[in-house]
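A short write-up of the structure that comes next.
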Amino acid sequence: MNTRNKVLLLKIFIHLSAMLPLVYYYYLAIADDLGGDPVEAIIHFTGIGAFNLLLITLLVSPMAKKIKQGYLLQVRRLLGIYTFVYAFCHVVNFFAFEVQFDVALFVEEVIKRPYVLIGMLAFVLLIALTITSLSRLKKKMGKRWQTLHNSIYLVAILIAWHFYWSVKSEISSPLFYVFLTLLVLSMRKSKIKKILFTS
Ligand code: HEM
């Protein structure tokens, strides 16, 4: 199979495996079939979904290098966009169902729960990364594009922190994600070192 078809198949696979579970979950929510606490269930599903996709996006480059399949880099942007789509649903669910679009209540939540502030910081960075992922803007921004896109590592750390702080007692799942984040970042340690020591 030629590279073009391989990329096409991979993209179809990513579209299906990201979109279908999301649509199915919202269908269950509408059908009132998400158990006793549907709001918590959907916030959990979209939050974990966004985090998984973020880690997969960060894995693409070291994997492509390791298995010498450079074409894999062509699906990074799509994975990044789906990370944003899940994060967007997560945040919208929070605004709509937890604070009912009440800005004053949201500010209260930020003061009361610092993990919400950390999540918001990560989300603002994700918005900037998604908007500037357009090829036209990439060209226009020149070197500044790479500087901005290096903040993806910071987003991963912020989300691991957001997750860890969001749980009250059961910490094994966030700790596992902290471990996964450090593992993925360690695969990119030479790049991260370069960013830290050349700026
Ligand atoms: C304004 C921004 C955000 C707000 C207000 C927010 C809010 C929340 C809330 C309320 C929870 C549930 C805590 C609980 O269990 O009671 C949560 C959990 C979580 N969030 Fe966020 N979040 C934000 C941004 C993000 C972003 C950008 C991501 C990922 C890219 C993310 C990933 C997660 C994850 C992985 C969890 C843990 C899921 C769970 O076990 O319930 N969050 N967030």
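Its first residue numbered 3, the sequence shown is counted upward by one per residue in the working numbering. In this text, a Cβ means the ideal position worked out from N, Cα and C, and glycines have one as well. Quantities reported herein were computed from a predicted structural model and do not represent experimental measurements.
Taking every protein chain shown into account, the CB of T5 has fewer than 16 other CB atoms within 10 angstroms, so this residue is exposed. Sequence-distant partners of I161 (beyond 5 residues in either direction) whose C-beta falls short of 7 Å from its own C-beta, in its chain, are F53, L56 and A124. Scanning the stretch 60-143 from its first residue to its last, the whole alpha helix (DSSP H) runs of 4-plus residues come out as 78-95, 105-114, 116-133 and 137-143. Straight-line spacing of the CA atoms in F90 and W167 works out to 20 Å.
As the crow flies, the alpha-carbon of I44 is around 36 Å from that of M143. Its Cα nearest to that of Y73, the residue L12 stands out among L12, V41, L136 and G49. For ligand 1, a non-hydrogen atom lies closer than 7 Å to the CB of F53. In this structure, I194 and Y155 form a Cβ contact; the two beta carbons are roughly 6 Å apart against a cut-off of 8 Å. Selection L24, A66, L61 and S63 evaluated against G51 yields L24 as nearest (Cα-Cα).
Going by C-alpha positions, A20 is about 25 Å away from S174. In the DSSP assignment, S174 falls within the unbroken alpha helix (DSSP H) covering S174 to S188. When distances are taken from the beta-carbon of V118 to the heavy atoms of ligand 1, the shortest one is below 7 Å. Taking the Cα of S188 as reference, the smallest distance to any Cα among A158, K170 and L177 is reached at A158. Of the residues assessed, Y26 falls on the exposed side of the cut-off, its CB having fewer than 16 other CB atoms within 10 angstroms. Contact between W163 and I120 holds, with the beta-carbon distance rounding to 5 Å and staying under 8 Å.
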